[in-house]
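Asker: Would you mind keeping the following structure in view while I ask a few things?
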Amino acid sequence: MNYLNINEEKLLPVVIELNTLLADYHIYYQKLRNFHWNILGENFFDLHNKFEELYTDARTKIDEIAERILTLRYHPTSKLSDYLELSALSEVSPLQSDKEMVDEILNDHKLILNQMKTVVSKAEEATDEGTIDLIGAYIRELEKASWMLDSWAKKPTEHLNSAIVE
C-alpha cells in the first residue's frame with residue numbers, strides 16, 4: 001500500500017540522497033565528538049559546550065533522517081564503512097587548534113548544506129512535501145549554527161557587510 005501518494009519511482013532518488021545525508025551526519029557527529037573530547041586551550045569551555053550542543057543536535061537529526069527513509073518505505077544505510085564511502089566529509093586528526101576545529105566544522109556545514117539542497121531538489125521532483133519540510137528546517141538551523149561559529153572565528157576588527165548601514 002502506498003500511503004504516501006508519491007510515485008515510487010520518483011522516491012528512489014530522494015532516498016539515495018537522504019542516505020548520503022545520513023552518512024554525512026554520521027561523519028559530522030563523530031568529528032564533533034572527537035573535537036569535544038580533544039579541545040584544549042583558553043576556548044575550552046566555550047567550544048567543549050558548543051561541540052556537545054552540535055553533536056546532540058546531530059544525533060537527533062541522524063535518527064530523524066533514518067526514520068524519514070523508513071517512512072518512504074526503504075531501509076536506511078547503517079554500516080560505518082558505507083558512511084565513509086558515501087559521505088563527502090572526511091575523518092580528521094584530533095590534534096588541531098580550536099580555530100582549525102571550527103574551520104573544519106564550518107567546512108562540513110558547507111558540504112552538508114549542499115547535500116541538503118540536493119535532497120530538497122530530488123524531493124521537489126517527487127512532490128515529497130514531508131522531506132522538503134524536514135530538510136528545510138535543517139537548512140535554517142545549520143545556517144544559524146554556521147553564522148555563530150563563523151562569528152566566533154572572526155577577529156574583533158572584522159565587520160559584516162555594511163552596504164545598507166549608514
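Numbering (the UniProt record's numbering), first residue to last: 1 to 166. Glycine included, C-beta positions come from ideal geometry on N, C-alpha and C. These figures come from a predicted structure and were not determined experimentally.
Between which two residues does the alpha helix (DSSP H) carrying Asn7 extend?
Answerer: Premise fails: Asn7 is in no alpha helix (DSSP H) and is neither H nor E.
Asker: In whole angstroms, give me the CA-to-CA distance for Asn19 and Gln115.
Answerer: If I take the Cα positions, the gap works out to 10 Å.
Asker: Do Lys31 and Ala126 have their C-beta atoms closer together than 8 Å?
Answerer: No, Cβ-Cβ distance for Lys31 and Ala126 is not below 8 Å.
Asker: In this structure, how does DSSP classify Gln96 when only helix, strand and coil are distinguished?
Answerer: Note: Gln96 maps to coil in three-state DSSP.
Asker: Here's the rule: buried if 16 or more other CB atoms are within 10 angstroms of the residue's CB, otherwise exposed. What is Lys99?
Answerer: Exposed: under 16 other Cβ atoms inside 10 Å.
Asker: Reducing DSSP to helix, strand and coil, say where Val165 ends up.
Answerer: Looking at Val165 - three-state DSSP - the assignment turns out to be coil, as it is neither helix nor strand.
Asker: For the alpha helix (DSSP H) that contains Thr131, what are its first and last residues?
Answerer: Element bounds for Thr131: 129 to 153.
Asker: For the alpha helix (DSSP H) that Glu158 lies in, which residues bound it at each end?
Answerer: First-last for Glu158: undefined, no H or E at that position.
Asker: So, for Ala123: in the same chain, excluding its five sequence neighbours on each side, which residues have a beta-carbon less than 6 Å away from its beta-carbon?
Answerer: Closer than 6 Å at Cβ, skipping near neighbours: Val14, Thr131, Ile132.
Asker: Our contact map puts Ser87 next to Ala23 with C-beta atoms below 8 Å; I'd like the distance itself, whole angstroms only.
Answerer: 4 Å between Cβ atoms; contact.
Asker: Taking the alpha-carbon of Ser81 as reference, which of Tyr74, Glu91, Tyr55, Leu72 has the nearest alpha-carbon?
Answerer: Ranking Tyr74, Glu91, Tyr55, Leu72 by Cα distance to Ser81 puts Glu91 first.
Asker: Does the Cβ of Glu158 have 16 or more other Cβ atoms within 10 Å, making it buried, or fewer, making it exposed?
Answerer: Answer is exposed; the Cβ neighbour count stays below 16.
Asker: Terminal residues of the continuous alpha helix (DSSP H) containing Ser81?
Answerer: Residues 80 to 86.
Asker: Quick one: residues in its chain with C-beta nearer than 6 Å to the C-beta of Met1, no 5 flanking neighbours on either side, listed in chain order?
Answerer: Its pLDDT being 44, under 50, Met1 is placed unreliably by the model, and nothing is read from it.
Asker: Go through its chain and collect everything with a Cβ distance to Asn34's Cβ below 6 Å, but skip five positions before and after it.
Answerer: These residues qualify, in order along the chain: Pro94.
Asker: Please report the Cβ distance between Tyr29 and Arg59, rounded to the nearest whole angstrom; I am assuming they are in contact, meaning their Cβ atoms lie under 8 Å.
Answerer: Indeed, because the Cβ distance is near 6 Å, the residues count as touching under 8 Å.
Asker: Judging by CA-CA distance, which residue of Glu129, Arg68, Lys50 is the nearest neighbour of Leu149?
Answerer: Measuring from the Cα of Leu149, the nearest candidate turns out to be Lys50.
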